[in-house]
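Asker: Residue numbers (UniProt numbering), protein chains in the order written: chain A, 1 to 247; chain B, 1 to 225. Have a look at this one.
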Amino acid sequence: MAGSDKPLPWLTFGFAGVTVLLVLSAFTDLRPLLPELLRGLKVTVLITLGAALLAVLLGLTAAVAKLYAPRPIRWLSVLYVEVFRGTSALVQLFWLFFVLPLFGLTLSAYTVGIVALGLNIGAYGAEVIRGAILSVPRGQWEAAGALNMSRMTALRRIILPQAFPAMIPPWGNLFIELLKATALVSLITLDDLSFKAQQLNQSTLRTMEVFSLTLLFYLGLAFIITAGMRWLERRVGRSHSRRGRSL
Amino acid sequence: MNGLRWDWEYTWEILPVLGQASIITVKATLWSFLLAALLGLLFALLRLSHIRPLSLIVAGVIECIRSTPLLIQIFFLYYVGPELGLNLSAIHAGILALGVHYGCYCAEVYRAGLESIPRGQWEAAHALNLSPLITIRDVILPQAIPPVVPALGNYLVALFKETPLLSAIAVVELMQMAKILGSETFQYTEPMTLVGLFFLFFSLVSSVLIRCLERWFKTRHRGGH
Numbered sequence: 001m002a003g004s005d006k007p008l009p010w011l012t013f014g015f016a017g018v019t020v021l022l023v024l025s026a027f028t029d030l031r032p033l034l035p036e037l038l039r040g041l042k043v044t045v046l047i048t049l050g051a052a053l054l055a056v057l058l059g060l061t062a063a064v065a066k067l068y069a070p071r072p073i074r075w076l077s078v079l080y081v082e083v084f085r086g087t088s089a090l091v092q093l094f095w096l097f098f099v100l101p102l103f104g105l106t107l108s109a110y111t112v113g114i115v116a117l118g119l120n121i122g123a124y125g126a127e128v129i130r131g132a133i134l135s136v137p138r139g140q141w142e143a144a145g146a147l148n149m150s151r152m153t154a155l156r157r158i159i160l161p162q163a164f165p166a167m168i169p170p171w172g173n174l175f176i177e178l179l180k181a182t183a184l185v186s187l188i189t190l191d192d193l194s195f196k197a198q199q200l201n202q203s204t205l206r207t208m209e210v211f212s213l214t215l216l217f218y219l220g221l222a223f224i225i226t227a228g229m230r231w232l233e234r235r236v237g238r239s240h241s242r243r244g245r246s247l
Numbered sequence: 001m002n003g004l005r006w007d008w009e010y011t012w013e014i015l016p017v018l019g020q021a022s023i024i025t026v027k028a029t030l031w032s033f034l035l036a037a038l039l040g041l042l043f044a045l046l047r048l049s050h051i052r053p054l055s056l057i058v059a060g061v062i063e064c065i066r067s068t069p070l071l072i073q074i075f076f077l078y079y080v081g082p083e084l085g086l087n088l089s090a091i092h093a094g095i096l097a098l099g100v101h102y103g104c105y106c107a108e109v110y111r112a113g114l115e116s117i118p119r120g121q122w123e124a125a126h127a128l129n130l131s132p133l134i135t136i137r138d139v140i141l142p143q144a145i146p147p148v149v150p151a152l153g154n155y156l157v158a159l160f161k162e163t164p165l166l167s168a169i170a171v172v173e174l175m176q177m178a179k180i181l182g183s184e185t186f187q188y189t190e191p192m193t194l195v196g197l198f199f200l201f202f203s204l205v206s207s208v209l210i211r212c213l214e215r216w217f218k219t220r221h222r223g224g225h
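Given below as structure tokens:
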């Protein structure tokens, strides 16, 4: 969806960034706002990375379980995917933050943020991975079976590597969704970029500058994710064609 | 704190209050979706227009809005709006932010629908001396919209699931009500779980409805040919 026009992110990011910065710095000095926002940016990046890692692991596990595991485990993974796709990310975050302590499980806000977002995006990712696995021709399974490979080996060495290129663009979109969802952790008192923005807004009353800079930071992070996924896409594409030639 | 116990009496007590709040949630969802559906169409048409700078600017704005968090956009409208002369109540700021954000997603959906119309249709309309506006209204849109309705339906569900964000600017919808109830009694388990169940129920029902709609469109299309 997002990957249809190639030059667009560069153009957009450059255009938006330069305009906003020019307009803002023409009127005021932005430097006093930066240190706090950068501290928040660090938290946002850490949460994004942690949740992304968790989401990929969970998505892979849930997808494989939904496709190949015995019945009860399959149901469990269907339940996981439907519940986490069906409810709101904010509700999940609040539920984990406020309700888990009553079960005697007190997690730090950091952990709750990473776990909740990882679970949420992982549920969407599971469907992405499932679709990619199913897009590998059935003959590949049969050939692997004919070579006496176990199902696990076939999945790991034959199916997943071929499914991988199809997963990259939708995962790119999911990582952007994840980045946007990290703004929610500010509502459970984590001092991420959004939290710092609200705090600075209250302490400096420089509403316009604070929120514009914040949006710009998120835009920058989204741009890095998009560029990274494009790079990965190209690399995977190239390694595939190289392998094709050497055969 | 009463640990693992689930208090049924408390549950029955708060159920009507949450039901009341859910009306706001549903209202906000429907109004913002209406806005998103209309804005999306406008964005898509501008995006596909032949005036190159206009289409590039719209594309850039869509890309920017799609890649920044809705929460910050809501704050931006609510707090920065007054500085720009745009005084909105919390609920209106929320509806506007949700509508614009999802309008950008809907624009991409419409674009796919519009691009799937063969060029010949435009040429034929031109040959019949139809004005561009009439061409779009009477020839292109009736063919482009029906196939993308299911995709728009998905965004309705996604939008619905983002409405709890309005609680961040103190709109008393479902989530805010649950937070208020929780802070009054220090019992968050029941209200939070009920809110989760409400969302799950609504999402499941609407995904079934969307699937029905999809099937209906498929059979209708097949019948037509």
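Using N, Cα and C, we set each Cβ at its ideal position, and we do this for glycine too. Only a predicted model underlies this, so the values are computations on that prediction, with no experimental measurement involved.
Below 9 angstroms between beta carbons is the criterion; list the residues of the stretch 84-118 of chain A that meet it against any residue of chain B, in chain order.
Answerer: 85, 86, 87, 88, 89, 90, 91, 92, 94, 95, 97, 98, 99, 101, 102, 103, 104
Asker: In its own chain, which residues sit with a C-beta less than 6 angstroms from the C-beta of residue 164 of chain A, not counting the 5 before and 5 after it?
Answerer: none
Asker: Determine the DSSP secondary structure at residue 120 of chain A, reduced to helix, strand or coil.
Answerer: helix
Asker: Could you name the residues of the stretch 165-180 of chain A whose beta carbon sits closer than 8 angstroms to any beta carbon of chain B, in the order they occur along the chain?
Answerer: 176, 179, 180
Asker: Spell out whether any CB of chain C is found under 8 angstroms from the CB atom of residue 64 of chain B.
Answerer: Of the protein chains in the structure, A and B, none is chain C.
Asker: Give the list of continuous alpha helix (DSSP H) stretches no shorter than 4 residues that lie fully inside the stretch 140-182 of chain B.
Answerer: Taken in chain order, the complete alpha helix (DSSP H) segments of 4 or more residues contained in the stretch 140-182 of chain B are 141-162.
Asker: Does the distance from the C-beta atom of residue 20 of chain A to that of residue 200 of chain A stay below 8 angstroms?
Answerer: No, the Cβ-Cβ distance between residue 20 of chain A and residue 200 of chain A is not below 8 angstroms.
Asker: Skipping 5 residues on each side, what residues in its chain have a beta carbon closer than 6 angstroms to that of residue 97 of chain A?
Answerer: Counting only Cβ-Cβ distances below 6 angstroms, and skipping sequence neighbours, we find 112, 188.
Asker: Which same chain residues, not among the five before or five after residue 139 of chain A, have their C-beta less than 7 angstroms away from its C-beta?
Answerer: Counting only Cβ-Cβ distances below 7 angstroms, and skipping sequence neighbours, we find nothing.
Asker: Fully enclosed by the stretch 175-220 of chain A, which alpha helix (DSSP H) runs are 4 residues long or longer?
Answerer: 193-204
Asker: Ignoring anything shorter than 4 residues, give me the alpha helix (DSSP H) runs that lie fully in the stretch 140-165 of chain A, in order along the chain.
Answerer: 151-154
Asker: Evaluate residue 115 of chain B with the Cβ neighbour count: other Cβ atoms within 10 Å of its Cβ, from every protein chain shown; 16 or more gives buried, anything less gives exposed.
Answerer: exposed
Asker: Quick one, which residues of the stretch 30-58 of chain A are near chain B if we go by CB-CB under 7 angstroms, in chain order?
Answerer: Cβ contacts with chain B: none found.
Asker: I'd like to check one pair, residue 200 of chain B with residue 83 of chain A: are the Cβ atoms closer than 8 angstroms?
Answerer: yes
Asker: Can you pull the chain B neighbours of residue 207 of chain A, defined as C-beta to C-beta under 8 angstroms?
Answerer: 79, 80, 83
Asker: Tell me whether residue 207 of chain B sits in a helix, a strand or coil according to DSSP, three-state version.
Answerer: helix
Asker: In the structure shown, what three-state DSSP assignment does residue 229 of chain A receive?
Answerer: helix
Asker: Quick check: the stretch 3-19 of chain B against the stretch 113-131 of chain B, are at least 3 beta-carbon pairs closer than 8 angstroms?
Answerer: no
Asker: For residue 206 of chain A, tell me which candidate among A:110, A:30, A:23 has the shortest Cα-Cα distance.
Answerer: Nearest Cα to residue 206 of chain A within the set A:110, A:30, A:23: A:30.
Asker: Taking only beta carbons into account, state which residues of the stretch 207-229 of chain A come closer than 7 angstroms to chain B, listed in chain order.
Answerer: Only those residues of the stretch 207-229 of chain A whose C-beta falls short of 7 angstroms from the nearest C-beta of chain B are listed: 207, 208, 211, 214, 215, 218, 219, 222.
Asker: Counting only beta-carbon atoms, is residue 26 of chain A nearer than 8 angstroms to chain B?
Answerer: no
Asker: Would you say residue 65 of chain A and residue 175 of chain A are within 8 angstroms of each other, going by their C-beta atoms?
Answerer: no
Asker: Check whether the stretch 130-138 of chain A touches the stretch 149-164 of chain A, counting contact only when three or more Cβ pairs, one atom from each stretch, lie closer than 8 angstroms.
Answerer: yes
Asker: Name, please, each residue of chain B whose Cβ falls closer than 7 angstroms to the Cβ of residue 201 of chain A.
Answerer: 79
Asker: What does a CB cutoff of less than 6 angstroms around residue 50 of chain A pick up in its chain, not counting 5 residues either side in sequence?
Answerer: So the list reads 114, once near-sequence residues are dropped.
Asker: If you check the beta carbons only, do residue 6 of chain B and residue 190 of chain B fall under 8 angstroms apart?
Answerer: Yes, the Cβ-Cβ distance between residue 6 of chain B and residue 190 of chain B is below 8 angstroms.
Asker: State the DSSP-derived secondary structure class of residue 136 of chain A, mapped to helix, strand or coil.
Answerer: coil
Asker: Are there any heavy atoms of the ligand ZN lying less than 7 angstroms away from the beta-carbon of residue 139 of chain B, as far as the coordinates show?
Answerer: In the structure shown, the ligand ZN is absent, as is every other ligand, since no ligand is present at all.
Asker: I need the straight-line Cα distance from residue 147 of chain B to residue 216 of chain B, nearest angstrom please.
Answerer: Between residue 147 of chain B and residue 216 of chain B, the C-alpha separation is close to 11 angstroms.
Asker: To the nearest angstrom, how far is it from the Cα of residue 33 of chain A to the Cα of residue 18 of chain A?
Answerer: 18 angstroms
Asker: Take every Cβ of the stretch 82-94 of chain B, pair it with every Cβ of the stretch 166-185 of chain B, and state whether three or more of those distances are shorter than 8 angstroms.
Answerer: yes
Asker: Any idea if residue 196 of chain B is buried or exposed, counting beta-carbon neighbours within 10 angstroms, 16 or more meaning buried?
Answerer: buried
Asker: Counting pairs of Cβ atoms below 8 angstroms between the stretch 69-87 of chain A and the stretch 188-198 of chain A, do you hit three or more?
Answerer: no
Asker: Would you call residue 171 of chain A buried or exposed, if buried means 16 or more other Cβ atoms sit within 10 Å of its Cβ?
Answerer: buried
Asker: Would you mind giving the Cβ-Cβ distance between residue 69 of chain B and residue 218 of chain A, rounded to the nearest angstrom? I have them listed as a contact below 8 angstroms.
Answerer: The Cβ separation is near 6 angstroms, so the contact holds.
Asker: Report the option in B:139, B:36, B:99 whose CA atom is closest to the CA atom of residue 123 of chain B.
Answerer: B:139
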